[in-house]
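Everything below concerns the one structure shown next.
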Amino acid sequence: MRIFTKLLCAAALLLTGQQALGQTLLDNFENTRLLRYPAVQGTLTEGVATPASSTGNTSAAVAKYERAAQPYSTVAAKPKNGIFADVNPYRTGAQKLSMRFLSPGPGLQVQLVLQNS
């Protein structure tokens, strides 16, 4: 029984580790385009040349967003296939969303709000 328990724990760790490593790229503004942007307050220009290439940022293209004059300008992003199949891992913190951006200055606050509609 002890060996079975160790094998079971090892299998669980292996499966959990594989899920933790799994990432889905939604949009790189080049060849992976799984998102659409139906509502933008301001100007969103897609496919702009990367302004700051580095070893950590090898993308050739990015999106450039110039916000509108409102205090809270927004960009809505939606999956092209309709909806995310399961957002529970994001709600619980098991998976995370990440976004890279270049700011004109330090201290710029970016807020991400997830909604079901």
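Everything in the sequence shown is counted per the numbering used here, starting at -4 for the first residue and increasing by one. We put the beta carbon where it would ideally sit given N, CA and C, even for glycine. Since the structure is predicted, the reported quantities are computational estimates derived from the model, not experimental observations.
- Item | Exposed unless 16 or more other CB atoms sit within 10 angstroms - verdict on V57 | Position 62 of the sequence shown, counted from the start, is the residue given in the question as residue 57. That one is buried.
- Query: Per DSSP, D81 forms a beta bridge with which residues?
  - Reply: If you number the sequence shown from 1, residue 81 lands on position 86. The partner list for D81 (beta bridge, DSSP) is empty, contrary to what the question assumes.
- Please work out which residues of its chain come closer than 8 Å, Cβ to Cβ, to P46, disregarding the five sequence neighbours upstream and downstream, and give them in chain order. Looking up residue 46 in the sequence shown gives position 51. These residues qualify, in order along the chain: V57 and L97.
- From L20, A71 and T27, residue whose alpha carbon lies closest to that of Q106: In the sequence shown, the residue the question calls residue 106 occupies position 111. For the residues L20, A71 and T27, the minimum Cα distance to Q106 belongs to A71.
- Item | Stretch pair the segment 83 to 96 + the segment 35 to 50: three plus CB contacts closer than 8 Å | Verdict: no, contact absent.
- Message: Can you tell me whether Y85 sits near the ligand SAH, meaning its C-beta is under 8 Å from at least one heavy atom of the ligand?
- Response: For the ligand SAH, the structure offers nothing, since it holds no ligand at all.
- Item | First and last residue of the uninterrupted beta strand (DSSP E) at G37 | By 1-based counting over the sequence shown, the position of residue 37 is 42. Here the beta strand (DSSP E) through G37 covers G37 to A44.
- Item | G77 versus N23, S54 and L29, residue with shortest Cα-Cα distance | Your numbering for residue 77 matches position 82 in the sequence shown. If we check each option's Cα against that of G77, L29 comes out closest.
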